[in-house]
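Engineer: Just so you know, the sequences run in chain order A and B. Here the working numbering = 1-based position in the first sequence + 464. Here the working numbering = 1-based position in the second sequence + 4. Quick reminder that beta carbons are idealized off the backbone N, C-alpha and C, glycines included.
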Amino acid sequence: MDEKELIRRIRGGETALFSEVITKYKKAVYNHAYNFLRNKEEAEDALQEIFISIYNNLANFRGDSKLSTWIYRITVNTCTNRLKQLQRHRAHTTEEIVNEGTEEEHSLLDGLKEKEEKEPDRAYTSAQVRAKIFERIDELTDEQKHVIMLRDVDGLSYEEIGQIMKLSVSAVKSKLFRARENLREKLIKDDIL
Amino acid sequence: MTAKCSQFKELIMEMVDGELPETDILSVREHIKSCPECLKYEKELKNMVKITASMRVEAPVFAENRIMAAINSQKKKPAFSMSGVLSYASSFAVILVVATLIIYKPAGGPKSDLTSIKDAPVIVSGKTNISKNEKNTIMPKIAVRTDEKPVTAVRIINIKPKAPAVVEQDVQAASVSDNRNIAGKADAVAPKQDTAVKDANYGVNNIEQAGVITSAKVTPVPTVPGIPLLNTDKAIVANNVINPRLNQAARIVIQVDEESRCVIRIYDERVRKVAEILDETKSAGKYEALWYGKNDSGSTVAEGAYYVYIQIGTRVIKKPIIVIKN
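Structure (structure tokens):
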């Protein structure tokens, strides 16, 4: 069943079919929510909030853009709002960060870097390295985080990112470039790159 | 890095992303060949993309159930047909009424009938003939803690199918020394059950004989089409009306047929996660968890209806638990 038919039938009252929409897009939505909110419980709650919002607004979906674009747009907006709420209510914590001493962390990273140079296929799998990378990504602006995730995690094109974030392709390029430069400098300082 | 290099950096990024037109790739490649800085930049960028791309995670397996349940529980619906929603709502209402009627029967006994969790036997398979006297002394109707230590959320005990019996004292010790990290305790506690002591055990059937309510009697809440349903006999929720003030616990027993990822989570009626009891791979066997009506922060939950979501492998089921405080 194609997406238009699926949406038509859900709108027609076959509510249970909405689970097919969830199945198809839950990975993308959850990935974005988890990487943006950096907390499993928050991401699960966001996942639910996003799909409820999609369901409740399905009647307003005109089909001018692709369903995936519309779902991503709701995901980006919901995650941004949710993070603001989180930041208002409590300090934003990174659950995967391991609090290592700086010296110890650097020697660990050095060791990993050497190992990863020898085994490039196994690069960047260490929990500590990932935690540090997450920490650095968290330091980017919300917009920079979104563009990086939409491009690298979700594999979307510049054009698709532009449609989701309501930006021109050149603006997407520019924002992505700045985001990556920012992140690259941080990771070089951390001796990860 | 020259000014020319700065102009190339954006083009290198587009090339790495596969967005640069073929016609431009050649000139960028030529520049990179003659510029070590830009070659280094390209390598760093590729590594960074690899890093960020590795952030992919798996979505929750039974997200569909949770989300559909939340959608169906919404009071105000969009301009869709209400028939499907009403069907779910009526099923839920019937389950609540049936569960309440059944559960209040044994729970209505005198308080002195309640036994300590210390005395609560661990469920193992095998024994079927238990005298009336044994039932009164050994089999608790509702698991209750009597010690003064802070109430822990849950415990998990691996119940080996062929274990002959259980040492009552060992079970006591295991019960009171649990902490909230029940999943990690499972294997540590299990060996204690191997020591034999007569009459200290009973099978799942015997729980029903003793009057403990199992929600296996309750029709499960309909789940989302396409998500395989777990057989009710693989996941039993006994004592599904609990009063945390009396330190009562809901007993969740799962039967794992082969090594599978097992998840046990408690959700409230608005389908918000309250407690995560278990999320790990378990080998074949029976496992028991006790939920004392605590959330993940260790606080007692509010009075109301809750669901326990049980997932074994790819199959899921949800069952109700009622928390009362009177």
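1. Does any residue of chain A have a CB that is nearer than 8 angstroms to the CB of E41 of chain B?
2. Would you please state the rounded distance, in angstroms, between the beta carbons of D616 of chain A and V53 of chain B? I believe it to be under 8 angstroms.
3. Rounded to a whole number of angstroms, what is the C-alpha to C-alpha distance between A507 of chain A and A497 of chain A?
4. For I240 of chain B, name the three-state secondary structure that DSSP assigns.
5. Looking at the unbroken alpha helix (DSSP H) that takes in V636 of chain A, where does it start and where does it end?
6. Looking at the secondary structure, which residues open and close the beta strand (DSSP E) in which V53 of chain B lies?
7. What are the boundary residues of the alpha helix (DSSP H) that R473 of chain A is part of?
8. Check E284 of chain B in the structure and name its three-state DSSP category.
9. Using Cβ-Cβ distances below 8 angstroms, what residues of the region 261-285 of chain B are close to chain A?
10. Measure how close the beta-carbons of Y313 of chain B and P324 of chain B come, nearest whole angstrom, since I'm counting them as under 8 angstroms.
11. Which value, in whole angstroms, describes the spacing of the CA atoms of K238 of chain B and A279 of chain B?
12. Go ahead and pull the three-state DSSP assignment for D21 of chain B.
13. Taking only beta-carbon atoms, is R586 of chain A less than 8 angstroms away from chain B?
14. So which residues of chain A does V61 of chain B contact, with C-beta pairs closer than 8 angstroms?
15. Could you tell me whether the region 48-64 of chain B touches the region 486-505 of chain A, where touching means 3 or more Cβ pairs closer than 8 angstroms?
16. Measure the CB-CB distance between L640 of chain A and R648 of chain A and report whether it falls below 8 angstroms.
17. Determine whether the beta carbon atoms of Y271 of chain B and R70 of chain B lie at a separation below 8 angstroms.
18. Is it buried or exposed for P64 of chain B, if we count other Cβ within 10 angstroms and need 16 for buried?
19. Any chance the region 517-536 of chain A sits against the region 592-608 of chain A, with 3 or more Cβ pairs inside 8 angstroms?
20. Which residue from A:C543, A:I471, A:K548, A:K530 puts its Cα closest to that of Y519 of chain A?
21. Nearest to A635 of chain A by CA position, among A:Y622, A:F482, A:N646, A:G527, is which residue?
22. Which same chain residues, not among the five before or five after I612 of chain A, have their C-beta less than 8 angstroms away from its C-beta?
23. Run through DSSP, which three-state label would Y298 of chain B get?
24. Give the residues from the region 516-546 of chain A that approach chain B closer than 8 angstroms (Cβ to any Cβ), ordered along the chain.
25. Quick check on DSSP: helix, strand or coil for R276 of chain B?
26. When DSSP labels each residue in this structure, what does T218 of chain B get in the three-state scheme?
27. Give me the chain B residues within the contact set of R552 of chain A, using Cβ-Cβ distance strictly less than 7 angstroms, ordered along the chain.
28. Can you list, in chain order, the residues of its chain whose CB lies under 6 angstroms from that of Y489 of chain A, leaving out five sequence neighbours each side?
29. Who are the near neighbours of I516 of chain A in its chain, counting only those whose CB is closer than 7 angstroms to its CB and skipping five residues on each side?
30. Which of the residues in the region 22-54 of chain B, read from start to end, lie with their CB under 8 angstroms from any CB of chain A?
31. Going by C-alpha distance, which of B:N299, B:T304, B:E48 is nearest E505 of chain A?
32. Report yes or no: is there a C-beta of chain B within less than 8 angstroms of the C-beta of E505 of chain A?
33. Name the DSSP beta bridge partners of L550 of chain A, please?
34. Under 8 angstroms, Cβ to Cβ, is there at least one residue of chain A near R70 of chain B?
35. Assuming V260 of chain B is part of the beta strand (DSSP E), what are its boundary residues?
36. Provide the residue span of the beta strand (DSSP E) that contains A309 of chain B, from first to last.
Structural biologist: In short:
1. Translated into positions along the second sequence, residue 41 of chain B becomes position 37. Chain A, which has no Cβ nearer than 8 angstroms to the Cβ of E41 of chain B, makes this no.
2. What you label residue 616 of chain A is simply residue 152 of the first sequence in a count that begins at 1. What you label residue 53 of chain B is simply residue 49 of the second sequence in a count that begins at 1. So it is a contact: roughly 5 angstroms between Cβ atoms.
3. Counted from its first residue, the first sequence places residue 507 of chain A at position 43. Counted from its first residue, the first sequence places residue 497 of chain A at position 33. Using only the alpha carbons, I get a separation of about 5 angstroms.
4. Here residue 240 of chain B is taken as the residue at index 236 of the second sequence, counted from 1. If DSSP states are grouped into helix, strand and coil, I240 of chain B belongs with the strands.
5. Translated into positions along the first sequence, residue 636 of chain A becomes position 172. V636 of chain A: member of the alpha helix (DSSP H) spanning 633-653, first to last residue.
6. Counting from 1 along the second sequence, the entry for residue 53 of chain B is found at position 49. Element bounds for V53 of chain B: not the beta strand (DSSP E) but the alpha helix (DSSP H), 40-57.
7. For the purposes of this step, residue 473 of chain A is identified with residue 9 of the first sequence, where counting begins at 1. Looking at the DSSP string, the run of the alpha helix (DSSP H) that includes R473 of chain A is 467-475.
8. The residue you call residue 284 of chain B lines up with position 280 of the second sequence. Note: E284 of chain B maps to strand in three-state DSSP.
9. Result list: V275, R276, K277.
10. On the second sequence, residue 313 of chain B is found 309 positions in, with the first residue counted as 1. On the second sequence, residue 324 of chain B is found 320 positions in, with the first residue counted as 1. The distance from the Cβ of Y313 of chain B to that of P324 of chain B is about 11 angstroms, inconsistent with a contact at the 8 angstroms cut-off.
11. Counting from one through the second sequence, the residue named residue 238 of chain B turns up at place 234. Counting from one through the second sequence, the residue named residue 279 of chain B turns up at place 275. C-alpha of K238 of chain B to C-alpha of A279 of chain B: approximately 21 angstroms in a straight line.
12. Mapped onto the second sequence, residue 21 of chain B falls at position 17. When DSSP states are grouped into helix, strand and coil, D21 of chain B belongs to the coil group.
13. Numbered from 1 along the first sequence, position 122 holds the residue referred to as residue 586 of chain A. Legend: pLDDT at R586 of chain A = 47, less than 50; position of this residue unreliable, no value from coordinates given.
14. The count along the second sequence starts at 1 and reaches residue 61 of chain B at position 57. Residues of chain A passing the Cβ test: Y494, N495, Y498, N499.
15. Three or more beta-carbon pairs separated by less than 8 angstroms link the region 48-64 of chain B to the region 486-505 of chain A, which places the two stretches in contact.
16. For the purposes of this step, residue 640 of chain A is taken as residue 176 along the first sequence, with counting starting at 1. For the purposes of this step, residue 648 of chain A is taken as residue 184 along the first sequence, with counting starting at 1. The answer is no: Cβ separation not under 8 angstroms.
17. Sequence index remark: in the second sequence, residue 271 of chain B carries index 267 (1-based). Sequence index remark: in the second sequence, residue 70 of chain B carries index 66 (1-based). At a Cβ-Cβ threshold of 8 angstroms, Y271 of chain B and R70 of chain B count as neighbours.
18. The residue you call residue 64 of chain B lines up with position 60 of the second sequence. Taking every protein chain shown into account, the CB of P64 of chain B has 16 or more other CB atoms within 10 angstroms, so this residue is buried.
19. Proximity of the region 517-536 of chain A to the region 592-608 of chain A falls short of the contact definition, fewer than three beta-carbon pairs being nearer than 8 angstroms.
20. Within the first sequence, residue 519 of chain A is the residue found at index 55, counting from 1. The shortest Cα separation from Y519 of chain A among A:C543, A:I471, A:K548, A:K530 belongs to A:I471.
21. For the purposes of this step, residue 635 of chain A is taken as the residue at position 171 of the first sequence. A635 of chain A has its Cα closest to that of A:Y622, out of A:Y622, A:F482, A:N646, A:G527.
22. Within the first sequence, the letter at position 148 stands for residue 612 of chain A. Cβ within range, chain order: I601, L604, L640, A643, R644, L647.
23. One-based indexing of the second sequence puts residue 298 of chain B at position 294. Checking the displayed sequence, the identity of residue 298 of chain B turns out to be Lys instead of Tyr. K298 of chain B sits in a strand when the DSSP states are folded into three classes.
24. Flagged, chain order: I516, Y519, N520, N521, L522, A523.
25. As a first step, residue 276 of chain B is located in the second sequence; it is residue number 272 there, counting from the start. The three-state reading of DSSP puts R276 of chain B in coil, since its state is none of H, G, I, E or B.
26. Here residue 218 of chain B refers to the residue found at position 214 of the second sequence. Here T218 of chain B scores only 36 on pLDDT, less than 50, and its place in the model should not be relied on; the value that follows carries that caveat. T218 of chain B: strand per DSSP, three-state reduction.
27. Your numbering for residue 552 of chain A matches position 88 in the first sequence. None at all; the shortest Cβ gap to chain B is about 19 angstroms.
28. Reading the first sequence from its first residue, position 25 is the one you call residue 489 of chain A. Setting aside the 5 residues that flank it on each side, Y489 of chain A is surrounded in the same chain by I535, each with a C-beta closer than 6 angstroms to its C-beta; the list follows chain order.
29. Mapped onto the first sequence, residue 516 of chain A falls at position 52. Cβ neighbours of I516 of chain A beyond the five flanking positions: none.
30. Cβ contacts with chain A: E23, E48, L49, N51, M52, V53, K54.
31. As a working note, residue 505 of chain A is residue 41 in the first sequence. From the listed residues B:N299, B:T304, B:E48, the smallest Cα separation to E505 of chain A is found for B:N299.
32. Your numbering for residue 505 of chain A matches position 41 in the first sequence. Cβ-Cβ to chain B under 8 angstroms: yes for E505 of chain A.
33. Mapped onto the first sequence, residue 550 of chain A falls at position 86. When DSSP reads this structure, L550 of chain A sits in no beta bridge, so it has no partner.
34. Along the second sequence, one-based indexing puts residue 70 of chain B at 66. Chain A, which has a Cβ nearer than 8 angstroms to the Cβ of R70 of chain B, makes this yes.
35. Position 256 of the second sequence, counting from 1, holds the residue named residue 260 of chain B. In the DSSP assignment, V260 of chain B falls within the unbroken beta strand (DSSP E) covering 252-260.
36. By one-based count along the second sequence, residue 309 of chain B stands at place 305. Its beta strand (DSSP E) spans residues 308-316.
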